[in-house]
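Novice:
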Amino acid sequence: MSQTADALHAVAVHRSEALLFFTLLQLAIIILAARAGGALALRCGQSPAVGEIITGILLGPSLFGWLAPDLFALVFRSASGEPMQILSQIGLLLLMFQIGLEFDFGHLRERKHQRTVLWVAGAGLALPFALGLGFGWYTAPLLAPPGVSPLAAGLFVATAFSITALPILGRIMIEFQLSRTALGVIAISAAAINDVVGWLLLALVSTLAVSHFEPLAFATKVALVLAFFAFAWLVLRPLVKRLVRHARPGRGRFPPNLMGALLALIFLAGMTTYQLGIFAIFGGFLMGVILHDEHELREAWNIRVGHFVTVFFLPIFFTYTGLRTDVGSLDSAAAWGWCALVVALATAGKFGGSYLAARRCGLGHHEASLLGVMMNTRALMELIVINVGYDLGVISQQVFTMLVIMAIVSTVVTTPCLRLWLPRIGHSLPPAVRE
Numbered sequence: 249m250s251q252t253a254d255a256l257h258a259v260a261v262h263r264s265e266a267l268l269f270f271t272l273l274q275l276a277i278i279i280l281a282a283r284a285g286g287a288l289a290l291r292c293g294q295s296p297a298v299g300e301i302i303t304g305i306l307l308g309p310s311l312f313g314w315l316a317p318d319l320f321a322l323v324f325r326s327a328s329g330e331p332m333q334i335l336s337q338i339g340l341l342l343l344m345f346q347i348g349l350e351f352d353f354g355h356l357r358e359r360k361h362q363r364t365v366l367w368v369a370g371a372g373l374a375l376p377f378a379l380g381l382g383f384g385w386y387t388a389p390l391l392a393p394p395g396v397s398p399l400a401a402g403l404f405v406a407t408a409f410s411i412t413a414l415p416i417l418g419r420i421m422i423e424f425q426l427s428r429t430a431l432g433v434i435a436i437s438a439a440a441i442n443d444v445v446g447w448l449l450l451a452l453v454s455t456l457a458v459s460h461f462e463p464l465a466f467a468t469k470v471a472l473v474l475a476f477f478a479f480a481w482l483v484l485r486p487l488v489k490r491l492v493r494h495a496r497p498g499r500g501r502f503p504p505n506l507m508g509a510l511l512a513l514i515f516l517a518g519m520t521t522y523q524l525g526i527f528a529i530f531g532g533f534l535m536g537v538i539l540h541d542e543h544e545l546r547e548a549w550n551i552r553v554g555h556f557v558t559v560f561f562l563p564i565f566f567t568y569t570g571l572r573t574d575v576g577s578l579d580s581a582a583a584w585g586w587c588a589l590v591v592a593l594a595t596a597g598k599f600g601g602s603y604l605a606a607r608r609c610g611l612g613h614h615e616a617s618l619l620g621v622m623m624n625t626r627a628l629m630e631l632i633v634i635n636v637g638y639d640l641g642v643i644s645q646q647v648f649t650m651l652v653i654m655a656i657v658s659t660v661v662t663t664p665c666l667r668l669w670l671p672r673i674g675h676s677l678p679p680a681v682r683e
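Residue numbers (our numbering): 249 to 683.
(1) Could you give the C-beta distance for residue 388 and residue 398, rounded to a whole number, given that I count them as a contact under 8 Å?
(2) I need the straight-line Cα distance from residue 547 to residue 521, nearest angstrom please.
(3) Distance check for residue 581 and residue 336, CA to CA, integer angstroms please.
(4) Compare the Cα-Cα distances from residue 434 to each of 630, 603 and 678 and report the closest residue.
(5) Quick one: measure Cβ to Cβ for residue 367 and residue 609, integer angstroms, because I've assumed they're closer than 8 Å.
(6) Output the boundary residues of the alpha helix (DSSP H) element that contains residue 615.
(7) Taking all protein chains shown into account, do 16 or more other C-beta atoms lie within 10 angstroms of the C-beta of residue 427, making it buried, or fewer, making it exposed?
(8) Looking at C-alpha atoms only, which residue of 411, 661, 618 and 646 is the closest neighbour of residue 299?
(9) Identify every residue that forms a DSSP beta bridge with residue 501.
(10) Taking all protein chains shown into account, decide if residue 587 is buried (16 or more other Cβ within 10 angstroms of its Cβ) or exposed.
(11) Give a yes or no on contact between the segment 332–349 and the segment 556–572, applying the rule of three or more CB pairs nearer than 8 Å.
(12) Quick check: the segment 478–497 against the segment 531–551, are there 3 or more CB pairs under 8 Å?
(13) From the DSSP output, in three-state form, read off residue 675 for me.
(14) Do residue 453 and residue 404 have their C-beta atoms within less than 9 Å of each other?
(15) Decide if residue 309 is buried, meaning its Cβ has at least 16 other Cβ atoms within 10 Å, or exposed.
(16) Using 8 Å for Cβ pairs, my map puts residue 620 next to residue 648. What's the rounded Cβ distance?
(17) Decide if the segment 317–325 is in contact with the segment 266–277; the criterion is three or more beta carbon pairs, one per stretch, under 8 Å apart.
(18) Considering just the uninterrupted stretch of the alpha helix (DSSP H) at residue 574, what are its terminal residues?
(19) For a test of the three-state rule: what should DSSP assign to residue 324, helix, strand or coil?
(20) Which residues bound the alpha helix (DSSP H) around residue 592?
(21) Can you tell which of 481, 510, 314 and 478 has its C-alpha closest to the C-alpha of residue 493?
(22) In angstroms, rounded to a whole number, what distance separates the CA positions of residue 627 and residue 297?
(23) Please report the distance separating the alpha-carbon of residue 622 from that of residue 438.
(24) Within its chain, find whatever has a CB closer than 8 Å to the CB of residue 385; leave out the 5 residues flanking it on each side and keep chain order.
(25) Under 9 Å, do residue 533 and residue 650 count as touching if we go by C-beta distance?
(26) If we ignore side chains and look at the alpha-carbon of each, how far apart do residue 407 and residue 450 end up?
(27) Hey, how far is the Cα of residue 419 from the Cα of residue 342?
(28) Any idea if residue 442 is buried or exposed, counting beta-carbon neighbours within 10 angstroms, 16 or more meaning buried?
(29) When we look at the beta-carbon of residue 505 and count the other beta-carbons within 10 Å, is it buried (16 or more) or exposed?
(30) Helix, strand or coil for residue 428 per DSSP?
(31) Where does residue 331 fall in DSSP's three states?
(32) Classify residue 721 as buried or exposed, calling it buried when 16 or more other Cβ atoms lie within 10 Å of its own Cβ.
(33) Applying the criterion that 16 or more other CB atoms from any shown protein chain within 10 Å of the CB defines a buried residue, is residue 497 buried or exposed?
(34) Is the separation between the beta-carbon of residue 234 and that of residue 278 shorter than 9 Å?
(35) Here's a check: name, in chain order, each residue in its chain whose Cβ is nearer than 7 Å to the Cβ of residue 501, leaving out the five neighbours to either side.
(36) Can you say whether residue 468 is buried or exposed, counting buried as having 16 or more other CB atoms within 10 angstroms of its CB?
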């Protein structure tokens, strides 16, 4: 019996060591590839974040797995993918806290900004949702998996059209030094509203896809989310601000006890929002928002933690998502035609709705165009939605691929448009993003 136990223990140790080996190999490749992709994107006039996104996709089966399937299998399929999944989610949670810290929501005290946020968020949801629902419903007999109802297919495409990529948009805006401007706060606030409603829509559509919808249960979930947000702002905010001011961070000084308390708070908030059904990342973002006016804390976080999050954790998230994406299923001219229509409709819905709403609220042509471009940034938050639809069998491999391409295109165009239009409203481009 003891020999059997020893043998099982030896096997477990060997598996653990193999898992560690391949995880470290994956991390080394991911980090180096992300740095190279970010540098190449910068040379091409793009944001480094865009380069890292595309690099993550290319490390998956779309390119690496297609060119060198045996080597791809050795690197990424020789061990369980759970470590990468967990690390990617932790990194995204910390990034969302960092993004929340970076924004000055004091601008929203002005009534005209509050009105603009609500109009842009509402129009940026309603128009793309309607276009996506129409496209998904109409094309269901041609593109949806057999047996899927046009309503279910249409609702998933509509939800995908409605998403704005809050983490990537926030990072791009930080690079352009928009995070503490009125336009930047309007955009990130409208994007946050879009995403919260989008996740609730995703929960609703997923429920409709797998079971009968229960209005009472859904209303209860919405009420619990709102209650947690109110609790965080009214109860947690004063307590945490008192802790931060007592610790006195700043100028690179970040007391270990404060860092430990903040990390625990971020993780607990993420756990709470996950249990409420709107994903853990919103817990991290909310914790950053309630501390956005603690300038010394923001400075200390950026010096001590921020660079590690963007260099180590974020590329893991990009690559993990890329491993689940295969951009090789569009095998006909008709499929590429449908793909072009998806990109056009999604762009027209998000950009057009946001632009028209901003113009109605009194913004000029260039300001409204900038808001439309920023709201049209979808990136990998889009991939989260379409992965859910694909896993549930509601959208086909072809539609999944079309939506992946749409997400990449809508993100790639953001930086050139910001570079073109920001000088026209008097915003100086930082040296790092100038041509």
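Just so it is clear, CB atoms sit at the ideal spot from N, CA and C, and this is done for glycine as well.
Specialist: Let me spell this out:
(1) Approximately 4 Å separates the beta-carbon atoms of residue 388 and residue 398; this is inside 8 Å, confirming the contact.
(2) Using only the alpha carbons, I get a separation of about 27 Å.
(3) Cα to Cα, residue 336 sits roughly 36 Å from residue 581.
(4) Comparing Cα positions, the closest option is 603.
(5) Taking C-beta atoms under 8 Å as the contact rule, residue 367 and residue 609 qualify, at a distance of about 5 Å.
(6) Unbroken alpha helix (DSSP H) run through residue 615: 613–623.
(7) Result: buried.
(8) The option with the nearest alpha carbon to residue 299 is 661.
(9) Its beta-bridge partners are 498.
(10) In summary, residue 587 is buried, with 16 or more beta-carbon neighbours lying within 10 Å of its beta-carbon over all protein chains present.
(11) Between the segment 332–349 and the segment 556–572 there are three or more C-beta pairs closer than 8 Å, enough to call the two in contact.
(12) Short answer: they touch.
(13) Residue 675: coil per DSSP, three-state reduction.
(14) Cβ atoms of residue 453 and residue 404: closer than 9 Å.
(15) Burial of residue 309 is indicated by the presence of at least 16 other C-beta atoms within 10 angstroms of its C-beta.
(16) Incorrect: roughly 26 Å between the Cβ atoms, too far for contact.
(17) Using a Cβ-Cβ distance cut-off of 8 Å, the segment 317–325 and the segment 266–277 are in contact, since at least three pairs of beta carbons, one from each stretch, lie closer than that value.
(18) Where residue 574 is concerned, there is no enclosing alpha helix (DSSP H), given that its DSSP letter is neither H nor E.
(19) In the structure shown, residue 324 falls within a helical segment according to DSSP collapsed to helix, strand and coil.
(20) Annotation: the continuous alpha helix (DSSP H) that includes residue 592 extends over 581–608.
(21) A check of alpha carbon separations from residue 493 across 481, 510, 314 and 478 identifies 510 as the nearest.
(22) Approximately 10 Å, taken between the alpha carbons.
(23) One C-alpha to the other measures close to 10 Å.
(24) The answer, listed in chain order, is 398, 399, 401 and 402.
(25) No. Outside cutoff.
(26) So the alpha carbons of these two residues sit roughly 7 Å apart.
(27) Spanning the two alpha carbons is a distance of roughly 13 Å.
(28) With 16 or more other Cβ atoms from the protein chains shown falling within 10 Å of its own Cβ, residue 442 counts as buried.
(29) Burial is judged here by how many other beta carbons sit within 10 angstroms of a residue's own beta carbon; residue 505 has fewer than 16 and is exposed.
(30) Coil.
(31) Reduced to three states, the DSSP call for residue 331 is helix.
(32) Nothing about residue 721 can be read from this structure; the chain reaches only from 249 to 683.
(33) By the beta-carbon neighbour count (other beta carbons within 10 angstroms, threshold 16), residue 497 is buried.
(34) Any question about residue 234 goes unanswered here, given that the chain covers just 249 to 683.
(35) For residue 501, the CB contacts under 7 Å within the same chain, skipping 5 residues up- and downstream, are 548 in chain order.
(36) By the neighbour-count rule (16 or more Cβ atoms within 10 Å), residue 468 is not buried but exposed.
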